[in-house]
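To start, the structure itself, in structure tokens.
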Ligand code: C5P
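Right under this line is the structure:
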């Protein structure tokens, strides 16, 4: 499970993030840099985390015209991202541009192609919120439609809640990345995550990777927290 845990480094700055990463070295393979940390520290934080030996999930949820997203993908390959996110609502041309550019740029720079995962419907949006932004489908229908589109355009998988993991696994097949936040070990506070699953439940439902932040980064002993999660406690 060590390779399936992605620790969300939602910490105030690069110093705190790197200190946490050093604490977790050898315990997990993946860390996630979200918008807050990336916009504060820039691409150097990705290089620093890779320098510590981590695989880095750069979660910027790209959504723009294809030309811009293509450029962002090229830049992120150069910075050493190992996994990136795009919004599936960016549409076919944008998703295809992202997938194509990751392949082209990784060949050009001689690095491994980053994993491309699509965000379908943000878990903060319910059916009413979708209707308000002009989407007549239910969240579940929209998730399925966007996941299918993302797969057809060359995405490697999706980010979704543990509740959607089984449906995504069935839809996308056994090789797909199904990356789930909203994961809480039994001993941790749910906090602001509304629909939570334990690590074991999320994996049983079909998740390939678990994004876990505060239960690890907020623990008195983060390395021990990872150990408890890996051991299934
Ligand atoms: O601290 P916690 O375990 O809640 O962190 C979960 C991480 O996953 C955060 O970085 C959060 O932004 C991200 N995330 C989420 N729910 C989503 C998508 C991403 O919690 N639907």
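Residue numbers (this note's numbering): 133 to 365. Just so you know, even glycine gets a beta-carbon here, dropped at the ideal spot from N, CA and C. It should be emphasised that the depicted structure is a prediction, and the values quoted were computed from it without experimental measurement.
| Item | Value |
| --- | --- |
| Sequence-distant residues of the same chain with beta carbon closer than 8 Å to residue 232, five excluded per side | 202, 286 |
| Cβ-heavy atom distance, residue 278 to the ligand C5P, below 8 Å | no |
| 9 Å Cβ cutoff, residue 185 in contact with chain C | Given the protein chain composition of this structure (a single chain), no chain C is represented. |
| For residue 353 and residue 215, the rounded distance between their alpha carbons | 27 Å |
| Counted within 10 angstroms of its Cβ, other Cβ atoms place residue 234 as buried (16 or more) or exposed | buried |
| Sub-9 Å separation of residue 313 and residue 255 beta-carbons | yes |
| Same chain only: Cβ atoms within 8 Å of residue 176, ignoring 5 sequence neighbours per side | 146 |
| Stretch-stretch touch, CB-based, cutoff 8 Å, three pairs: the region 240–251 with the region 286–306 | yes |
| Nearest to residue 300 (by Cα), restricted to the options 315, 335, 331, 325 | 335 |
| Integer-rounded CB distance, given that residue 133 should sit under 8 Å from residue 141 | The Cβ separation is near 19 Å, so there is no contact. |
| Nearest-angstrom Cα separation, counted from residue 318 out to residue 302 | 26 Å |
| C-beta atoms of residue 344 and residue 139 nearer than 9 Å | yes |
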